[in-house]
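Colleague: Remember, the numbering used here sits 536 above the position in the sequence shown when you count from 1.
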Amino acid sequence: MITSPGVSQNQQEPANRRHDCPDFIDFLVRNGRLDETAAGRVRNAVASAGHSTDTVLLELGLLPEADLAAAQAQYLSVNVVELEQYPDTAVAEELIPKSFLRTSALIPLSLDEQTIVVATARPMERESIEALGYYLDRRVEVRVARRGDWEQAFGRIYEIADGKNGGPAPIEGPEIMHEGDVERLKDIAREAPVIRFVNSLIGDAVERRASDIHIEPLADKVQIRLRIDGVLVPTQILNKSLHAGVTSRIKILARLNIAERRLPQDGRIALPIRGREIDFRVSTVPTLHGESVVLRVLDRKELQLEFASLGFGPMAAALLTRMINQPNGIVLVSGPTGSGKTTTLYAAICELRRKQRKILTIEDPVEYHLDHVIQTQVKPQIGLDFAAGLRAFLRQDPDVIMVGEIRDGETAKTAVQASLTGHLVLSTVHTNSAAASVSRLIDMGVEDYLLVSTLRAIVAQRLVRKLCTECRKVRLDSEALLERLGLSECCRGALLHEAGGCPACEGSGYRGRTTIHEIMPITAALQELILSGATERKLEEAARSSGMQTLLESGVAKSIAGETSVDEVLRATSAA
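#1: Measure how close the beta-carbons of Ser963 and Thr990 come, nearest whole angstrom, since I'm counting them as under 8 Å.
#2: Along the chain, which unbroken stretches of the beta strand (DSSP E) at least 3 residues long are found entirely within the segment 974-1038?
#3: Contact defined as beta carbons within less than 8 Å: I believe Arg836 pairs with Tyr904. What is the distance between those atoms, to the nearest angstrom?
#4: What residues are listed by DSSP as bridge partners for Met1056?
#5: Taking C-alpha atoms, which residue in Ser588, Thr591, Ser584 and Leu598 lies nearest to Glu572?
#6: CB Ala657 to CB Pro644, shorter than 7 Å?
#7: Which same chain residues, not among the five before or five after Pro808, have their C-beta less than 8 Å away from its C-beta?
#8: Using the beta-carbon count (16 or more within 10 Å), is Leu768 buried or exposed?
#9: Could you tell me whether the Cβ atoms of Met938 and Thr897 are closer together than 7 Å?
#10: If you draw a straight line from the C-alpha of Leu1106 to the C-alpha of Val902, how long is it?
#11: What are the residues that DSSP puts in a beta bridge with Asp815?
#12: If you pair each beta-carbon of the segment 631-644 with each one of the segment 665-672, do three or more pairs fall below 8 Å?
#13: On the DSSP bridge list, what partners appear for Val961?
#14: On the criterion of 16 or more Cβ atoms from any shown chain inside 10 Å, does Asp765 qualify as buried, or is it exposed?
#15: Would the segment 789-800 count as touching the segment 852-872 if we require 3 or more Cβ pairs under 8 Å?
#16: Thinking C-alpha only, which one of Asp944, Leu868, Asn567 and Pro863 is nearest Gln892?
#17: Tell me whether the beta-carbon of Glu1104 lies closer than 7 Å to the beta-carbon of Ala971.
#18: Where Leu593 and Gly1037 are concerned, what is the direct C-alpha to C-alpha distance, given to the nearest angstrom?
#19: Mind checking whether Val1092 and Leu1023 have CB atoms under 7 Å apart?
#20: Helix, strand or coil for Val909, going by three-state DSSP, please let me know.
#21: Could you check the C-alpha separation between Ala689 and Thr873 for me, to the nearest Å?
#22: Relative to the C-alpha of Pro659, which residue among Glu1015, Arg675 and Thr589 is closest?
#23: Assuming Gly1058 contacts Ser1090 under a Cβ cut-off of 8 Å, what Cβ separation, rounded to an integer in Å, is found between them?
#24: Which class does Leu647 belong to by DSSP, given the choice of helix, strand or coil?
#25: At what residues does the beta strand (DSSP E) containing Ala1108 begin and finish?
#26: Helix, strand or coil: how does DSSP classify Ala681 here?
#27: Pick out whichever of Thr1071, Gln997, Ser1081 and Leu1032 has its Cα sitting closest to the Cα of Ile1055.
#28: Count the other CB atoms within 10 Å of the CB of Thr1071; is the residue buried (16 or more) or exposed (fewer)?
#29: Could you have a look at Tyr516 and say whether DSSP puts it in helix, strand or coil?
#30: What is the DSSP secondary structure of Ser1095, reduced to helix, strand or coil?
#31: Are the C-beta atoms of Val680 and some chain C residue less than 7 Å apart?
#32: In angstroms, rounded to a whole number, what distance separates the CA positions of Glu630 and Leu672?
#33: What residue ranges within the segment 722-793 form continuous alpha helix (DSSP H) runs of no fewer than 4 residues, ordered along the chain?
#34: Can you find the residues in the same chain that come closer than 7 Å, C-beta to C-beta, to Leu604, ignoring five residues on each side of it along the sequence?
#35: Is the segment 1006-1014 close to the segment 1025-1034, with three or more CB pairs under 8 Å?
#36: If contact is defined by three or more beta carbon pairs under 8 Å, each pair taking one atom from either stretch, is the segment 819-833 in contact with the segment 842-851?
The following block contains the structure:
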């Protein structure tokens, strides 16, 4: 007999039907998780396709995995099982066939003489749960599992962790493979456990809003880490024998050469995940212990290409919009790798493409495909670098040109020439501050008189983690910290915020990222200083006297507003 504490027979009855669960749909509507239009779509899809309600909700993208599990648990008055609550090894492995658990989406969590506790990714389908109770002659307690967590746990417990339950065998041999070795790798990559594991890994990363998936081979194991809100989080350790199969599966999806393990390779994957299309940029690099694989997650749905959405306040967004709407000149975005420079340029392009302009970009690589924009990928191996692409663009009658990065004197001088001939040029440069970008361009060989004639504005930016709104708290030493930072006068009486930690943010205290920035328009005063060879410090002082807010000041303002913590701001600006 199956019992779920607090669930009456009347509540359980509609859940016993396999493909139709109207009461649960009504429950979602009553609780504000679905509107009536969406509920109608679900009912029609369930009736026409014969799929279960939860599958339809996920495939249509109407509910995230975590929200669906929470709603099911609330509806059935049971708990959601967390990833760390799954067992390390199989429970009752000798009593319950693995094939039954896979087909029924069940994982036993614990077993005693009277009760078995199971996690299920399909809690609304009761037949298998009841069958398990009758088969074992025990009471079954149900926990609702998030589908991604369930697949990850099942693979680790039953198929992946030790490589002996249907998992692939180790691949040994030379770096240069023979035809038979390649075919063997292809066979392993097509095995169901490997396919399920890769699918689960990718699905879990998307569900947790990861920006990158890192598969890192070590001497005796393989480490899986996700970059979430800019921080690498370890998630799994795999047996070394699984590395070749998992890597080959990803290479096949990305259309890479699985036989080549000596050279770096780059590719792309497009997959439907949880009801929406997700792009992945794949990079493989040979290391001492095998190939390291990184997948950059490019989720168009999560991409918000507006200055306000990226973290620019109303005044900053208005200033930046004014700078990019000039008919010619150069606007630069500076910062280290991973500071969101390209995304800011994309937002600028989305603002500009509303006008009747021809916009061309040359990038390395092309991160997102933008409608009504001509985008080109650099190919240095055939001579198509930034400078060559920029020169070719000038013969395409453009209004706006975006250059992925100004990294050498040739590109810098060509950008200046393009702006002098009536084009708006947007680009990035690797410097720590807005003022430092001026010195960098002069060091590349750009004459100062040409620079002051073309440079319109420089934006320096960093990405910082946003505080979780559920658990953020006021920092008690706000006054002392502001005084130490030299901001006590301008921020007198202000209260800073810091991270807490709760289930909503997985205990980190943060959820999402935002931008802190400094915007330096090139005024007449700054032009005179540049021509006189002024230092970076003098340029920054002059910009601040004209109203520029520094990176630190921008970050502290966001901490006062409760958007981020001073610890995050100091971490992001320590190199500035």
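Note that the Cβ used here is the ideal one computed from N, Cα and C, for glycine as well. The structure presented is a predicted model; accordingly, all values stated were derived computationally and were not measured.
Modeller: Checking against the coordinates, here is how it stands:
#1: Within the sequence shown, the letter at position 427 stands for residue 963. Within the sequence shown, the letter at position 454 stands for residue 990. Not really, about 12 Å apart at Cβ, beyond 8 Å.
#2: For the segment 974-1038, whole beta strand (DSSP E) runs of length 3 or above, ordered along the chain, are 991-1003.
#3: Along the sequence shown, read from residue 1 onward, the residue named residue 836 stands at position 300. Along the sequence shown, read from residue 1 onward, the residue named residue 904 stands at position 368. Under the criterion of beta carbons closer than 8 Å, Arg836 and Tyr904 qualify as touching, at roughly 7 Å.
#4: Within the sequence shown, the letter at position 520 stands for residue 1056. Per DSSP, Ile994.
#5: Your numbering for residue 572 matches position 36 in the sequence shown. Of the candidates Ser588, Thr591, Ser584 and Leu598, Leu598 places its Cα closest to the Cα of Glu572.
#6: As a working mapping, residue 657 is identified with position 121 in the sequence shown. As a working mapping, residue 644 is identified with position 108 in the sequence shown. Taking C-beta atoms as the reference points, Ala657 and Pro644 fail to come closer than 7 Å.
#7: As a position in the sequence shown, residue 808 is number 272, starting the count at 1. The residues are Ile814.
#8: Your numbering for residue 768 matches position 232 in the sequence shown. Burial is judged here by how many other beta carbons sit within 10 angstroms of a residue's own beta carbon; Leu768 has fewer than 16 and is exposed.
#9: Taking the first residue of the sequence shown as position 1, residue 938 is located at position 402. Taking the first residue of the sequence shown as position 1, residue 897 is located at position 361. Less than 7 Å separates the beta-carbon of Met938 from that of Thr897.
#10: On the sequence shown, residue 1106 is found 570 positions in, with the first residue counted as 1. On the sequence shown, residue 902 is found 366 positions in, with the first residue counted as 1. Going from the Cα of Leu1106 to the Cα of Val902 covers about 31 Å.
#11: Taking the sequence shown and counting its residues from 1, the one referred to as residue 815 is at position 279. Note: Asp815 sits in a beta bridge opposite Ala806 and Leu834.
#12: Touching, yes, given that three or more Cβ pairs across the two stretches are closer than 8 Å.
#13: On the sequence shown, position 425 is the one that residue 961 refers to. Ile866 and Ile937.
#14: Position 229 of the sequence shown, counted from the first residue, corresponds to residue 765. By the neighbour-count rule (16 or more Cβ atoms within 10 Å), Asp765 is buried.
#15: Inter-segment contact for the segment 789-800 and the segment 852-872 is absent: fewer than three beta-carbon pairs are separated by less than 8 Å.
#16: The count along the sequence shown starts at 1 and reaches residue 892 at position 356. Measuring from the Cα of Gln892, the nearest candidate turns out to be Pro863.
#17: The residue you call residue 1104 lines up with position 568 of the sequence shown. The residue you call residue 971 lines up with position 435 of the sequence shown. Their beta carbons are not under 7 Å apart, which means Glu1104 does not touch Ala971 by this criterion.
#18: To locate residue 593, count along the sequence shown from 1; it is residue 57. To locate residue 1037, count along the sequence shown from 1; it is residue 501. Computed Cα separation, rounded: 30 Å.
#19: If you number the sequence shown from 1, residue 1092 lands on position 556. If you number the sequence shown from 1, residue 1023 lands on position 487. Cβ atoms of Val1092 and Leu1023: closer than 7 Å.
#20: Sequence index remark: in the sequence shown, residue 909 carries index 373 (1-based). Three-state result, Val909: coil.
#21: For the purposes of this step, residue 689 is taken as the residue at position 153 of the sequence shown. For the purposes of this step, residue 873 is taken as the residue at position 337 of the sequence shown. Their Cα atoms are separated by approximately 34 Å.
#22: Here residue 659 is taken as the residue at index 123 of the sequence shown, counted from 1. Taking the Cα of Pro659 as reference, the smallest distance to any Cα among Glu1015, Arg675 and Thr589 is reached at Thr589.
#23: Taking the sequence shown and counting its residues from 1, the one referred to as residue 1058 is at position 522. Taking the sequence shown and counting its residues from 1, the one referred to as residue 1090 is at position 554. Here residue 1058 turns out to be Ile, not Gly, going by the sequence shown. The C-beta separation of Ile1058 from Ser1090 comes to about 19 Å, leaving the pair out of contact by the 8 Å criterion.
#24: By one-based count along the sequence shown, residue 647 stands at place 111. Here Leu647 carries a strand assignment [DSSP, helix/strand/coil].
#25: Taking the first residue of the sequence shown as position 1, residue 1108 is located at position 572. Annotation for Ala1108: no beta strand (DSSP E) segment contains it, though the alpha helix (DSSP H) segment containing it runs Val1102 to Thr1109.
#26: As a working mapping, residue 681 is identified with position 145 in the sequence shown. Coil.
#27: Along the sequence shown, read from residue 1 onward, the residue named residue 1055 stands at position 519. Per the Cα distances, Gln997.
#28: Stepping through the sequence shown from its first residue, residue 1071 is reached at position 535. Under a 10 Å Cβ-count criterion, Thr1071 is classified as exposed, with fewer than 16 other Cβ atoms of the shown protein chains found around its own Cβ.
#29: No answer is possible for residue 516: it lies beyond the span of the chain, which begins at 537 and ends at 1112.
#30: Stepping through the sequence shown from its first residue, residue 1095 is reached at position 559. Residue state, collapsed to three classes: helix.
#31: Checking the listed chains, one finds no chain C in this structure; it contains a single protein chain.
#32: Within the sequence shown, residue 630 is the residue found at index 94, counting from 1. Within the sequence shown, residue 672 is the residue found at index 136, counting from 1. Going from the Cα of Glu630 to the Cα of Leu672 covers about 12 Å.
#33: Within the segment 722-793, the complete alpha helix (DSSP H) runs of at least 4 residues are 728-743 and 779-789.
#34: Working through the sequence shown from its first residue, we reach residue 604 at position 68. Apart from sequence neighbours up to five positions away, the residues of its chain that approach Leu604 with a beta-carbon distance below 7 Å are Asp590, Leu593 and Leu594, ordered along the chain.
#35: Of all C-beta pairs linking the segment 1006-1014 to the segment 1025-1034, three or more are shorter than 8 Å, placing the two stretches in contact.
#36: The count of Cβ pairs closer than 8 Å, one atom from the segment 842-851 and one from the segment 819-833, stays below three, leaving the stretches out of contact.
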